[in-house]
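**Student:**
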Amino acid sequence: MATRLTRHLVWVPPASAPPASASAKMRAAKATPSLTALDTGREQPPSQEQANLDFFTEPRERAVYLLHIGAEVEHALMVQYLYAAYSLGGTQLTDPEHQRLAQAWRATILEIAREEMGHLATVENLLTLIGGPLSFEREDYPIPTDLYPMPFELEPLTKKSLGKYVLLEMPNEKTIAALGLEEEMEEIRKYVDAEDDLTVHRVGIIYDAVAALFTPPVMPKDPKPAPPSFISSSDIQAESLRFQVSPDEWGLGYHDLLIETANDRTSALNAIKLISVQGEGSTIGDLDKSHFGKFLNIYRQFPNEGDWVPARNVARNPTTDPDAPLDRRITNKLALLWAGLLSLRYRMLLMYLSHAFRIEAPLKASGRTPRGLLLSWTFGEMYNLRSITEILMTLPLHEVGDEELLAGPPFEMPYSLALASHDANRWRMHRDLLQASQQYVKALSEASGGQYENYLKGLHSANESALAQVLTLIGG
């Protein structure tokens, strides 16, 4: 999926910052397009890395393409941050101060993961604004590519993975210089690149390109560019607002959960700016509130390799695939059942959210409407994913052998995220997934000997309640 989406996207390194080493020169060569790239139609400062496209198409279609990449990136970051956060803790933490730090870091990264979900919803709103198809896809397990900000990996939190997150969320070079962080960023870059020759691209580059497509030139060029280098006003659909997700419907009281709607060019640009500011920060004042600043603070506090270990010994990129390498293949029978349930509930979350965007919002937000139910269930699944993840990270990866290596949530993508054409059939899909969940609950109750009875009983009850409402909607 990711290769299909990103094969036309190339990262152009800063022209004024030549690589300082042979390995960096090789990375720069790989990232430079082999043909003249068509960018967003805006002149970029030569010192800024850019995301260019190597195909001819109209501005609206370029925006749809880049927003699809943005959606996949936000989705992938949400999942990777959840995995990293829940890996923190474990029986190896005996020092009270170490326990306190791990708990604080976990809370911060979980907050960032929730905010990535808000960013995903905002990107879907922008796609809705310009009439583009929605995307809830995500890159699968590690694909070493120069086309994504970094390869997708589920891994326990380490100093190196934190360094990747810092580089991914960092603002542009000009802001880094203004903040006096150039030397520190270079040290982090060297540390991350040391063994893996890994180049991490800024997520903000994608949004810079999208913002440029929403921004018409201040003065018309002479002669006028053909085709125009910005999205036409006729392609910006104010009436799409009634299908967008609003913070009132979905915010659930989270003060920092950013979900922006847009009905014109100005509000679209504002939404893009707010995503960037919450991710990157742009001044000393908002640095600590941004994802970049929060990860940088954790990185500075995090122990060096060989010191105490804040994270459990969980597998990297765990999977239920029977043909996967043994070091990431879940073979423990109980862990396999929990992993299957987690991936099912993960699919349910994505399908609830996708379906909600196909239903017009009522004049007054209410949880009693079909759309309100779907949005409520979407956030409910975040709690289910948390509960199941916490269980999985206490279970061994393998049935026999290395009992110290623990399982983790595989977050396996379903065979399809497509929705049926008719609404009643979409509700039938939800019914089928809820009934499959009940089968998992039954199997886990029998296999676990009452160990997880409270959670499984609660999930069974929630499934029954949701099923009753779904059956009513199918019948209606």
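Under the working numbering, the residue at position 334 of the sequence shown is numbered 817, and the numbers go up by one with no gaps.
For each residue, glycine too, the CB sits at the ideal point set by N, CA and C.
All values reported here derive from a predicted model rather than from experimental measurement.
Any chance you could list the alpha helix (DSSP H) runs of at least 4 consecutive residues sitting entirely within the region 561 to 642, in chain order?
**Tutor:** Within the region 561 to 642, the complete alpha helix (DSSP H) runs of at least 4 residues are 579 to 612.
**Student:** Flag this pair as yes or no: are the beta carbons of residue 562 and residue 621 separated by less than 8 Å?
**Tutor:** Along the sequence shown, read from residue 1 onward, the residue named residue 562 stands at position 79. Along the sequence shown, read from residue 1 onward, the residue named residue 621 stands at position 138. Cβ distance < 8 Å, so residue 562 and residue 621 count as in contact.
**Student:** Quick check: the region 817 to 824 against the region 875 to 886, are at least 3 beta-carbon pairs closer than 8 Å?
**Tutor:** A contact exists between the region 875 to 886 and the region 817 to 824.
**Student:** Expressed to the nearest angstrom, what Euclidean distance is found between the alpha-carbon atoms of residue 782 and residue 654?
**Tutor:** Reading the sequence shown from its first residue, position 299 is the one you call residue 782. Reading the sequence shown from its first residue, position 171 is the one you call residue 654. Cα to Cα, the separation comes out at about 16 Å.
**Student:** Using a Cβ-Cβ cutoff of less than 8 Å, which residues in the same chain neighbour residue 930 once the five nearest sequence positions on both sides are dropped?
**Tutor:** In the sequence shown, counting from the first residue as 1, residue 930 sits at position 447. Result list for residue 930: 816, 817, 820, in chain order.
**Student:** In whole angstroms, what separates the C-alpha of residue 732 from that of residue 604?
**Tutor:** Position 249 of the sequence shown, counting from 1, holds the residue named residue 732. Position 121 of the sequence shown, counting from 1, holds the residue named residue 604. So the two alpha carbons sit approximately 12 Å from each other.
**Student:** DSSP on residue 853, reduced to helix/strand/coil?
**Tutor:** Reading the sequence shown from its first residue, position 370 is the one you call residue 853. Three-state DSSP puts residue 853 in a helix.
**Student:** Is residue 944 buried or exposed, if buried means 16 or more other CB atoms sit within 10 Å of its CB?
**Tutor:** Translated into the one-based positions of the sequence shown, residue 944 becomes position 461. Result: exposed.
**Student:** Could you pull the start and end residues of the alpha helix (DSSP H) that residue 778 belongs to?
**Tutor:** Here the question's residue 778 lines up with position 295 in the sequence shown. Its alpha helix (DSSP H) spans residues 774 to 784.
**Student:** Kindly indicate which three-state DSSP category residue 798 falls into: helix, strand or coil?
**Tutor:** Indexing the sequence shown from 1 puts residue 798 at position 315. Coil at residue 798, not helix or strand.
**Student:** Let me make sure I understand the geometry here. Which of 878, 867, 842, 865 has the alpha-carbon closest to that of residue 855?
**Tutor:** Your numbering for residue 855 matches position 372 in the sequence shown. The candidate whose alpha carbon is nearest that of residue 855 is 842.
**Student:** Would residue 788 and residue 835 qualify as a contact pair, given that the criterion is a beta-carbon distance under 8 Å?
**Tutor:** The residue you call residue 788 lines up with position 305 of the sequence shown. The residue you call residue 835 lines up with position 352 of the sequence shown. No, the pair does not count as a contact, with Cβ atoms beyond the cut-off.
**Student:** Considering only C-alpha positions, which residue in the set 592, 600, 912 is nearest to residue 556?
**Tutor:** For the purposes of this step, residue 556 is identified with residue 73 of the sequence shown, where counting begins at 1. Comparing Cα positions, the closest option is 600.
**Student:** Which same chain residues, not among the five before or five after residue 724, have their C-beta less than 7 Å away from its C-beta?
**Tutor:** As a first step, residue 724 is located in the sequence shown; it is residue number 241 there, counting from the start. So the list reads 744, 746, once near-sequence residues are dropped.
**Student:** On the three-state DSSP scale, how would you describe residue 888?
**Tutor:** Stepping through the sequence shown from its first residue, residue 888 is reached at position 405. DSSP places residue 888 in coil when its eight states are reduced to three.
**Student:** Is the separation between the beta-carbon of residue 895 and that of residue 814 shorter than 8 Å?
**Tutor:** For the purposes of this step, residue 895 is taken as residue 412 along the sequence shown, with counting starting at 1. For the purposes of this step, residue 814 is taken as residue 331 along the sequence shown, with counting starting at 1. In this structure, residue 814 does not lie closer than 8 Å to residue 895 by Cβ.
**Student:** Give me whichever residues DSSP pairs with residue 879 in a beta bridge.
**Tutor:** Counting from one through the sequence shown, the residue named residue 879 turns up at place 396. Answer is 889.
**Student:** Taking the beta carbon of residue 771 as the centre, do at least 16 other beta carbons fall within 10 Å, making it buried, or is it exposed?
**Tutor:** Within the sequence shown, the letter at position 288 stands for residue 771. Residue 771 is exposed by the Cβ-count criterion.
**Student:** How should residue 924 be labelled, buried or exposed, when 16 other C-beta atoms within 10 angstroms of its C-beta is the threshold for buried?
**Tutor:** Reading the sequence shown from its first residue, position 441 is the one you call residue 924. Residue 924 should be labelled buried.
**Student:** On the three-state DSSP scale, how would you describe residue 685?
**Tutor:** The sequence position of residue 685 within the sequence shown is 202, counting from 1. In the structure shown, residue 685 sits in coil (DSSP, three-state: anything other than H, G, I, E or B).
**Student:** In chain order, what residues of the same chain lie with their CB nearer than 6 Å to the CB of residue 928, ignoring the 5 residues before and after it?
**Tutor:** Along the sequence shown, one-based indexing puts residue 928 at 445. So the list reads 939, once near-sequence residues are dropped.
**Student:** Could you check the C-alpha separation between residue 686 and residue 826 for me, to the nearest Å?
**Tutor:** If you number the sequence shown from 1, residue 686 lands on position 203. If you number the sequence shown from 1, residue 826 lands on position 343. Going from the Cα of residue 686 to the Cα of residue 826 covers about 26 Å.
**Student:** Excluding the 5 residues flanking residue 867 on each side, which residues of the same chain have their C-beta closer than 6 Å to its C-beta?
**Tutor:** Stepping through the sequence shown from its first residue, residue 867 is reached at position 384. So the qualifying residues of the chain are 828.
**Student:** Could you check what DSSP says for residue 911 in three-state terms: helix, strand or coil?
**Tutor:** The residue given as residue 911 occupies position 428 in the sequence shown. It is helical.
**Student:** Out of 659, 694, 644, 701, state which residue places its alpha-carbon closest to the alpha-carbon of residue 674.
**Tutor:** One-based indexing of the sequence shown puts residue 674 at position 191. With distances taken between Cα atoms, residue 674 lies closest to 644.
**Student:** Determine the closest residue to residue 568 out of 617, 806, 658, 870, with distance taken between C-alpha atoms.
**Tutor:** The residue labelled residue 568 in the question sits at position 85 within the sequence shown. Measuring from the Cα of residue 568, the nearest candidate turns out to be 870.
**Student:** Going by beta carbon distance, what residues of the same chain come within less than 7 Å of residue 949, once the five residues before and after it are set aside?
**Tutor:** Residue 949 sits at position 466 when you count from the first residue of the sequence shown. These residues qualify, in order along the chain: 860, 917.
**Student:** Ends of the alpha helix (DSSP H) at residue 830?
**Tutor:** Here residue 830 corresponds to residue number 347 of the sequence shown, with the count starting at 1. Looking at the DSSP string, the run of the alpha helix (DSSP H) that includes residue 830 is 816 to 839.
**Student:** Could you give the C-beta distance for residue 649 and residue 778, rounded to a whole number, given that I count them as a contact under 8 Å?
**Tutor:** Position 166 of the sequence shown holds residue 649. Position 295 of the sequence shown holds residue 778. So it is a contact: roughly 5 Å between Cβ atoms.
**Student:** Considering residue 748, what are the terminal residues of the alpha helix (DSSP H) in which it resides?
**Tutor:** Stepping through the sequence shown from its first residue, residue 748 is reached at position 265. First-last of the alpha helix (DSSP H) with residue 748: 748 to 763.
**Student:** Please identify the residue among 749, 763, 700 whose C-alpha is closest to the C-alpha of residue 719.
**Tutor:** Within the sequence shown, numbered from 1, the residue matching residue 719 stands at position 236. Taking only the C-alpha atoms, the option nearest residue 719 is 749.
**Student:** Label residue 790 either buried or exposed according to how many other C-beta atoms from any shown protein chain fall within 10 Å of its C-beta, with 16 as the threshold for buried.
**Tutor:** Within the sequence shown, numbered from 1, the residue matching residue 790 stands at position 307. Classification of residue 790: exposed, given that the 10 Å Cβ count is below 16.
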